[in-house]
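*Asks:*
Residue numbers (this note's numbering): 1 to 127.
1) How long is the line joining the alpha carbons of residue 93 and residue 21, rounded to whole angstroms?
2) Looking only at its chain, what residues have a beta carbon closer than 7 Å to the beta carbon of residue 48, apart from the 5 residues adjacent to it on each side?
3) Tell me which residue opens and which closes the alpha helix (DSSP H) that residue 21 is part of.
4) Which residues does DSSP list as the beta-bridge partners of residue 94?
5) Going by DSSP, what residue range makes up the beta strand (DSSP E) through residue 41?
6) Taking C-beta to C-beta, are residue 11 and residue 63 nearer than 8 Å?
7) Identify the continuous beta strand (DSSP E) that holds residue 16 and give its terminal residues.
8) Under 8 Å, do residue 95 and residue 57 count as touching if we go by C-beta distance?
9) Which residue or residues does DSSP assign as beta-bridge partners of residue 70?
10) Comparing C-alpha positions only, which one of 31, 33 and 55 sits nearest to residue 98?
11) Considering only the alpha carbon of each residue, which of 69, 88, 108 and 116 lies closest to residue 26?
12) Just the C-alpha distance for residue 101 and residue 114, rounded to the nearest angstrom, thanks.
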């Protein structure tokens, strides 16, 4: 039977935790079932204990305005992804990085060019 050829270890069981650091920096606290506040590595370990084996981290190009304020939605820059990726690795999880060329949310129907490309012509971007 097909089910005999695979185990649960053959599948990705993942969680997108891209906004964790932004939420934590905003004062959000996470607790275990006994009411103990979770540290950073413990936060990720809690997912592993529930069967999660991968975490997803989005990375936007420059998710900040000219005053350095984040656009919201997690402010998923490279530095945050590296920090969270290290915590996840310490917890025994694998990390999937989802790189975006945009500065904020994008999808196939809507993707603005990043601010860093503002000086480029359409032809420059094709080359």
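Beta carbons are placed, not taken as given, at the ideal position from N, Cα and C, and that holds for glycine.
*Replies:* According to the structure data:
1) 17 Å
2) 91, 92 and 93
3) 20-25
4) 54
5) That residue, residue 41, is in no beta strand (DSSP E); its alpha helix (DSSP H) goes 40-48.
6) no
7) 14-16
8) Going by C-beta atoms, residue 95 is nearer than 8 Å to residue 57.
9) In the DSSP assignment, the residues bridged to residue 70 are 64.
10) Considering only alpha carbons, the answer is 55.
11) 69
12) 7 Å
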